[in-house]
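Only one structure is covered here, and it is reproduced in the block below.
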Amino acid sequence: MQKAENSQKNQSLQYGNESIPIVFDKSHLLTIGERLYSTSLDLIRELVSNAYDADATEVAIEIKPDRITVSDNGSGMNEEDLRRYFTIGSRGKRQNPRSPRFHRERIGEFGIGKFSALTLARQFVVETQHTENNFRARVVFDCDAWERDSVNWHLPLERLPLLSGQGGSTTITLHKLKKPLEVALVIRHVRERLPIGRPDFIVLVNGFPVEPSPVSGKRFPFAFETPYGRAHGEIILATLLLSKRTVAEAGITIRVRGVAVTTSLFGFEQSRAIGLSRLRGTLHADFLPITSSRDNIIVESPEFQAVHGPLRTEINKVLREARESALAKENVQASRVLKDALDKIGRALKRNPEALGEYSEEPPLGAESGDMPGTTESSEEGYSISKAQIVDSGPPHSMMPHNNNSLETPEGKKGARRRHVGLANRAIIRKMQFRNLGVICQMERFGADSPPSVFETGIIYINIDHPLYRKQQESDQLLQFFLTTLIAKELSLKKHSHDAAEAFRLQHEILTEAFRHLKKI
121 MQKAENSQKN
131 QSLQYGNESI
141 PIVFDKSHLL
151 TIGERLYSTS
161 LDLIRELVSN
171 AYDADATEVA
181 IEIKPDRITV
191 SDNGSGMNEE
201 DLRRYFTIGS
211 RGKRQNPRSP
221 RFHRERIGEF
231 GIGKFSALTL
241 ARQFVVETQH
251 TENNFRARVV
261 FDCDAWERDS
271 VNWHLPLERL
281 PLLSGQGGST
291 TITLHKLKKP
301 LEVALVIRHV
311 RERLPIGRPD
321 FIVLVNGFPV
331 EPSPVSGKRF
341 PFAFETPYGR
351 AHGEIILATL
361 LLSKRTVAEA
371 GITIRVRGVA
381 VTTSLFGFEQ
391 SRAIGLSRLR
401 GTLHADFLPI
411 TSSRDNIIVE
421 SPEFQAVHGP
431 LRTEINKVLR
441 EARESALAKE
451 NVQASRVLKD
461 ALDKIGRALK
471 RNPEALGEYS
481 EEPPLGAESG
491 DMPGTTESSE
501 EGYSISKAQI
511 VDSGPPHSMM
521 PHNNNSLETP
531 EGKKGARRRH
541 VGLANRAIIR
551 KMQFRNLGVI
561 CQMERFGADS
571 PPSVFETGII
581 YINIDHPLYR
591 KQQESDQLLQ
601 FFLTTLIAKE
611 LSLKKHSHDA
621 AEAFRLQHEI
631 LTEAFRHLKK
641 I
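Numbering (this note's numbering), first residue to last: 121 to 641.
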């Protein structure tokens, strides 16, 4: 054993009669342990993963101000296992990739994770019992003692009497803590990173079991084969509060052998697609190669490239549905709020019927929109509002791009329809009839750079994409006020197209009457 240990720490490259020794300094072992992982929480992941690999059904994490203890009821270690445990880069788990009892696919593979304890503590104690071999022992790794002796590579092993009535177990205790661990952060880390939720594996933190945190929303399961193995999982279009809808928190969690390694949006990080901030989910792909720190995937590997393309396809499907769902909801809101805004205009004109004077123009709908239905959704004495009509989008000339080549067919015919007409290419039309005045409003999406509204060919076009409209969408009342303001503005400018002062006066007059009953907006 001594000869084998010496050969591992001091090797030589020999060419001819000369050689150069490869020397591993003892202090580097501490450096590896302290800097292997980016956060001290990763050591919890490693210790719980080791318990999972040892067929434990329960892991208890106790966090106290002066120490942290991780205990499991797994198979424990015999003397050979314990010596292998302290072998840097041990290949034991790679040679035996499945656990003997539950046949779990083992998480560990590099043989260096046990030293992650050094990220948080200057001393860790391993105590284990293996009943089949009647073996129980304790090993102490103390950084101060390790640094004092630059020659000795051995750790003190203390044999202990077997605990009767107790099966296999392993307890790792961290002393001389460098900093405390917050219990809430440990619980969150365990919940997000480890394979909890299985009937044969429970993790407790200070006596309380950690349960999975389900994500509510629409689920899109997927599965596909690659040259390296099967990948499967689900994408969730989560139902979240607006405050939680950030791209920084979105992503698909990549799990390798049950443990969460990292989260990725698979190239959509810079996208502004509707629904991206709501994207959650899990990808299980046990064949993916991971970094030695176990916190990332080797993205340039052919294995990752084999899942990257299919996952982008699946995400695209979900984002298309998210967009259609958002647009449908947006259209319902637009129709509802437009009705309320026209109702406000109708009430204002009813109170002041002479506001528009002799102006009357029956706005034509034209071939694009079809005829407005004669039925009304609401009617007051003196004015009525039609039911909403959904039609194909047709932007006014002033909102058309300067270069219309994209709207031409190969034969040069303008106005060609898009191949796939979705909700984004639909317009909402309502008509308010007051005496001989017909006010038609058409709401559609012209892009953020187009004006919020325009009056053309007798129709008031309202741009749903305008940033001010988007800002008011969070509140129906604010959006109603915004639409009423736009409609009043366009009517006033139409009445006084050459006198801005009169147009503003008329707009003020209409809005005052429209919101007279409100004390505040």
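Glycine residues also receive a C-beta, built at the ideal position from the N, C-alpha and C atoms.
{"Item": "Option nearest F206 by Cα separation, candidates G194, H274, T177 and D619", "Value": "H274"}
{"Item": "DSSP-derived helix/strand/coil call for Y205", "Value": "helix"}
{"Item": "Q597 to G353 span [Cα, whole Å]", "Value": "41 Å"}
{"Item": "Cβ-heavy atom distance, L282 to the ligand HEM, below 7 Å", "Value": "Although the ligand HEM was asked about, the structure shown includes no ligands whatsoever."}
{"Item": "Terminal residues of the beta strand (DSSP E) in which P422 lies", "Value": "First-last for P422: P422 to R471, but that is the alpha helix (DSSP H), not the beta strand (DSSP E)."}
{"Item": "Beta-carbon proximity of S191 to A174, cut-off 8 Å", "Value": "no"}
{"Item": "Under 8 Å between C-beta atoms of E629 and A461", "Value": "no"}
{"Item": "Whole-number beta carbon distance between V271 and N161, since they are thought to touch under 8 Å", "Value": "The sequence given here has Leu at residue 161, not Asn. The pair is not a contact, with the Cβ atoms about 35 Å apart (cut-off 8 Å)."}
{"Item": "At least 3 beta-carbon pairs within less than 8 Å: the region 338-348 vs the region 314-327", "Value": "no"}
{"Item": "Given K459 as reference, the closest of F635, K551, I372 and K437 once Cα atoms are compared", "Value": "K551"}
{"Item": "Short Cβ contact (8 Å threshold) for I374 with S384", "Value": "yes"}
{"Item": "Residue environment, K299, which counts as buried when at least 16 other CB atoms sit within 10 Å", "Value": "exposed"}
{"Item": "Residue burial classification, H586 (beta-carbon count within 10 angstroms, cutoff 16)", "Value": "buried"}
{"Item": "G401, buried or exposed, once every other Cβ within 10 Å from all chains shown has been counted against 16", "Value": "buried"}
{"Item": "Where T383 falls: helix, strand or coil (DSSP)", "Value": "strand"}
{"Item": "First through last residue of the beta strand (DSSP E) which encompasses D262", "Value": "F255 to D262"}
{"Item": "Residues near T291 by beta carbon distance below 6 Å, same chain, minus five either side", "Value": "S191 and E247"}
{"Item": "Complete beta strand (DSSP E) runs within the region 306-388 (minimum length 3 residues, chain order)", "Value": "322-325, 337-346, 349-358, 372-376 and 379-384"}
{"Item": "Opposing strand residues paired with F554 [DSSP bridges]", "Value": "Y503 and L557"}
{"Item": "First through last residue of the beta strand (DSSP E) which encompasses L277", "Value": "L277 to R279"}
{"Item": "Distance between F144 and F235 (C-alpha atoms, nearest Å)", "Value": "16 Å"}
{"Item": "Inter-residue CB distance, V511 and I549 (contact presumed, cutoff 8 Å)", "Value": "6 Å"}
{"Item": "Whether E610 touches I580 by CB criterion (8 Å)", "Value": "yes"}
{"Item": "For H295, the first and last residue of its enclosing beta strand (DSSP E)", "Value": "S289 to L297"}
{"Item": "T359 versus E182: straight-line alpha-carbon distance, rounded", "Value": "34 Å"}
{"Item": "Residue of R398, A568 and S445 minimising C-alpha distance to I582", "Value": "A568"}
{"Item": "Min CB distance E178 to chain B below 8 Å", "Value": "Note that chain B does not occur in the displayed structure, where there is just one protein chain."}
{"Item": "Span of the alpha helix (DSSP H), counted from its first residue to its last, around S573", "Value": "Here S573 belongs to no alpha helix (DSSP H); instead the beta strand (DSSP E) covers S573 to E576."}
{"Item": "Alpha-carbon spacing of P422 relative to R313, whole angstroms", "Value": "24 Å"}
{"Item": "Own chain partners of A336 with C-beta closer than 8 Å, once the 5 adjacent residues on each side are dropped", "Value": "The residue asked about is misnamed: residue 336 is Ser in this sequence, not Ala. Excluding positions up to five away in sequence, the list reads A358 and T359."}
{"Item": "Minimum C-alpha distance to D407 - residue among F424, L399, D415 and L396", "Value": "Reading off the sequence shown, one finds Phe at residue 407, where the question assumed Asp. When each option's Cα is compared against that of F407, the closest is F424."}
{"Item": "Same chain only: Cβ atoms within 6 Å of I356, ignoring 5 sequence neighbours per side", "Value": "V335, G337, R339, R400 and G401"}
{"Item": "Three-state secondary structure (DSSP) of D512", "Value": "strand"}
{"Item": "Rounded separation between R414 and G387 - CA only", "Value": "21 Å"}
{"Item": "Span separating the alpha-carbon of R658 from that of A508", "Value": "It is not possible to answer for residue 658, since the shown part of the chain is limited to 121 through 641."}
{"Item": "Endpoints, the alpha helix (DSSP H) within which H628 is located", "Value": "A620 to A634"}
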